[in-house]
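So the sequences go chain by chain: V and D. The opening residue of the first sequence carries number 16 in my numbering; numbering runs sequentially from there. The opening residue of the second sequence carries number -4 in my numbering; numbering runs sequentially from there. Step one of this worksheet: look at the structure below.
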Amino acid sequence: EGQLVESGGGLVQPGRSLRISCAASGFTSDDHGMHWVRQVPGKGLEWVSGIIWNTGNTGYADSVKGRFTISRDKAKNSLYLQMNSLRVEDTALYYCGKDIEPGGLASWGQGTLVTVSP
Amino acid sequence: DVVMTQSPLSLPVTLGQAASISCRSSQSVVFSDGNTYLNWFQQRPGQSPRRLIYKVSDRDSGVPDRFSGSGSGTDFTLEISRVEAEDVGIYYCMQGSHWPYTFGQGTKLEIK
């Protein structure tokens, strides 16, 4: 159906900040959630944060609560993740995902790599 | 949080044979609207995850009918009726009924 394109990843030192973005296009429904899911290379998938597009309600994994902030810009059809106080263990490929219907993560982007290293 | 437990974690299969992956949740994943938001994803090497199955047994568009999902409550299964070479990868279950969404550990399917 649609397309998700992440950007903004890179190399950052521990304790610093980074904002990653996800541009959405071609979707017919904006009623449900958009999410960030990360994957350490060679490891499994971890849900990081989500936002209900219409209401702006948000949720976070305990591992990032208080450090990461998810937001969206309806006019730009874009999703963001502001990551503060980054840690080495935040190093991962960050995927943007969209619910086409509730609870489904039907569509995924190609990911943007965040590397936290001294 | 709902813990999702998959088995087996490694699944060697002969081409043309059937394969089955189990996923169990630590609590019911029936949502308040009566739906069960249990999904299955395939991740081929070097690719993003791709959803195969949603709401336990509904196949996504373009997914071959050799993939099927079943189950209810806390026990779910993904079955591949005749494994093909293109099915190699890691399979994850995920519940979307409760936030945070949670994934199983992944099952690595390989060809014997």
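Each residue gets a CB set at the ideal place from its N, CA and C atoms; glycine is no exception.
Using a Cβ cut-off of 7 Å, pull out every chain D residue sitting near residue i, in sequence order please.
i: L15/V; result: Nothing about residue 15/V can be read from this structure; chain V reaches only from 16 to 133.
i: Q125/V; result: S43
i: L128/V; result: Here the premise fails: no neighbours, minimum Cβ distance about 13 Å.
i: G71/V; result: Those within 7 Å of G71/V in chain D number zero; the least Cβ separation is about 14 Å.
May I ask you to list the residues that DSSP assigns as paired with residue i?
i: K80/V; result: K80/V is not bridged to any residue.
i: Q54/V; result: L60/V, L108/V
i: F98/D; result: M89/D
i: W123/V; result: G112/V
i: A38/V; result: V20/V, S93/V
i: E74/D; result: S15/D, S63/D
CB-CB under 7 Å to residue i, same chain, minus the five flanking residues each way: which ones, in chain order?
i: R19/D; result: T0, T69, D70
i: K24/V; result: Position check: residue 24/V holds Gly in this sequence, whereas Lys was assumed. Excluding positions up to five away in sequence, the list reads I35, Y109, T127, L128, V129.
i: S40/V; result: G17, Q18, N92
i: S122/V; result: E16, G17, L19, G112, K113, I115
i: Y118/D; result: Since the first and last residues shown for chain D are -4 and 107, residue 118/D lies out of range.
How long is the line joining the alpha carbons of residue i and residue j, rounded to whole angstroms?
i: S32/V; j: L101/V; result: 6 Å
i: W51/V; j: V78/D; result: 31 Å
i: L94/V; j: M49/V; result: 8 Å
i: Q97/V; j: K113/V; result: 18 Å
i: E61/V; j: T106/V; result: 12 Å
i: S76/D; j: A14/D; result: 7 Å
i: F26/D; j: Q125/V; result: 29 Å
i: W94/D; j: V131/V; result: 27 Å
i: N11/V; j: F36/D; result: Since the first residue shown for chain V is 16 and the last is 133, residue 11/V is missing from the structure and cannot be characterised.
i: Q100/D; j: S21/D; result: 14 Å
i: D45/V; j: N69/V; result: 7 Å
i: S52/D; j: P29/V; result: 43 Å
i: Q42/D; j: T84/V; result: 26 Å
i: H47/V; j: I66/V; result: 8 Å
i: K80/V; j: F98/D; result: 19 Å
i: G91/D; j: V27/V; result: 32 Å
i: D60/D; j: Q12/D; result: 15 Å
i: G59/V; j: A90/V; result: 33 Å
Kindly list, in the order they appear in chain D, the residues whose Cβ is closer than 8 Å to that of residue i.
i: P117/V; result: F26, D28, N30, Y32, G91
i: A76/V; result: P95
Please work out which residues of its chain come closer than 8 Å, Cβ to Cβ, to residue i, disregarding the five sequence neighbours upstream and downstream, and give them in chain order.
i: I106/D; result: P7, V8, T9, L10, V78, A80, V83
i: P44/D; result: F36, Q37, Q38, Y87
i: L4/D; result: Q100, G101, T102, K103
i: S65/D; result: V51, S52, F71, T72, E74
For residue i, go through chain V and note every residue whose CB falls closer than 9 Å to its CB, in chain order.
i: G101/D; result: K58, G59, L60
CB of residue i to nearest heavy atom of the ligand HEM: below 7 Å?
i: L33/V; result: No copy of the ligand HEM appears in this structure; indeed no ligand is present at all.
Below 6 Å CB to CB, which residues in the same chain sit around residue i once its five sequence neighbours on both sides are set aside?
i: I129/D; result: Since the first residue shown for chain D is -4 and the last is 107, residue 129/D is missing from the structure and cannot be characterised.
i: V55/V; result: A107
i: R53/V; result: E61, V63, A107, Y109
i: S63/D; result: E74
Cβ closer than 9 Å: which chain D residues qualify as neighbours of residue i?
i: A90/V; result: By Cβ distance, chain D contributes nothing, its closest Cβ being about 26 Å from A90/V, past 9 Å.
Residues in the segment 54 to 66 of chain D having any Cβ partner in chain V nearer than 9 Å: D55, S56
Interface positions of the segment 22 to 48 of chain V facing chain D (Cβ-Cβ less than 9 Å), listed along the chain: G48
Contact set between the segment 94 to 110 of chain V and chain D, restricted to residues whose Cβ is under 8 Å from the partner: Y110
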